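Numbering (UniProt numbering), first residue to last: 1 to 217. C-beta: ideal position from N, C-alpha, C; glycine also. Just so it is clear, the structure is predicted and the values come from calculations on it, not from any experiment.
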């Protein structure tokens, strides 16, 4: 009964919600942008009340728009903003050094693949601006990553929603369990790699944090 009640609400506001949440997350505000995309896509697959093509298009647009806002904010306010307020968002000094290290060695890859990693999806654009990454390159890799990310997760969520609507009982529960296990394993792998990369970054940049543009030196 509750699901039937909220269906019209979701159908009416899903497009706006996906665009706004993805854009805000991409600009540096820790919101569940990827979750919003997947849930909207699953809803589209399960009910057909919203168009998956529009969901994907708006998610890609939100990602690109938000990332550019984050990039401009990083250019404008730079490292001092991170030093003063980054800890409130989980950006410790070591993680800021990690951002400098990654952009110095893998700038284009971070902009493109950062879209697919939770922490980087929130802060990659801002860190690109802080580290004075070229806007032209940023725009190309950011737009490509945002479009492919929206397509992969949008179509994946849509297919899952469609299949889940058709399958019930034990098989549906097994599917959900597999998804949960996959998420847990992925989180563990990301955490492990983050610790290794932070150790390299601290070794590469010992002492106090370096100022703006350090990664480009």
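Under the three-state reduction of DSSP, which class applies to residue 76: helix, strand or coil? helix
Pop quiz: residue 110 and residue 124 are said to be a contact at Cβ under 8 Å. What is the actual Cβ separation, rounded to whole angstroms? 6 Å
Residue 51: which of 97, 147, 31 and 18 sits nearest, CA to CA? 18
From residue 1 to residue 47, what does the alpha carbon distance come to, in whole angstroms? Residue placement at residue 1 is poorly supported in this model, since its pLDDT is 42, which falls under 50; the coordinates still yield a value, given next. Rounded to the nearest angstrom, the two C-alpha atoms are 15 Å apart.
Which listed residue (36, 131 and 77) has its alpha carbon closest to that of residue 96: 131
Would you check if there are 3 or more beta carbon pairs closer than 8 Å linking the segment 62-71 to the segment 20-28? yes
Distance between beta carbons of residue 66 and residue 27, contact taken as under 8 Å: 4 Å
With respect to the alpha helix (DSSP H) encompassing residue 45, which residues constitute its N-terminal and C-terminal limits? 33-47
For residue 133, the three-state DSSP class (helix, strand or coil): coil
Reference residue 112, options 30, 148 and 101, closest by Cα: 148
If I measure Cβ to Cβ from residue 158 and keep anything under 6 Å in the same chain, skipping five residues before and after, which residues do I get? 41, 44, 45 and 52
Return the chain-ordered list of same chain residues with a C-beta closer than 6 Å to the C-beta of residue 161, the five sequence neighbours on each side being excluded. 42, 45 and 46
CA-CA distance, residue 101 and residue 127? 11 Å
If you reduce the DSSP assignment to three classes, tell me which class residue 67 lands in. helix
According to the neighbour-count rule (16 or more other Cβ atoms, all chains shown, within 10 Å of its Cβ), is residue 150 buried or exposed? buried
Three-state secondary structure assigned by DSSP to residue 28: coil
Identify whether residue 56 lies in helix, strand or coil by the three-state DSSP scheme. helix
Could you pull out every residue in the same chain whose Cβ sits closer than 7 Å to the Cβ of residue 146, ignoring the five residues on either side in sequence? 60, 63, 64, 67 and 115
Are residue 141 and residue 108 touching if we call contact CB-CB under 8 Å? yes
From 30, 29, 49 and 58, residue whose alpha carbon lies closest to that of residue 37: 58
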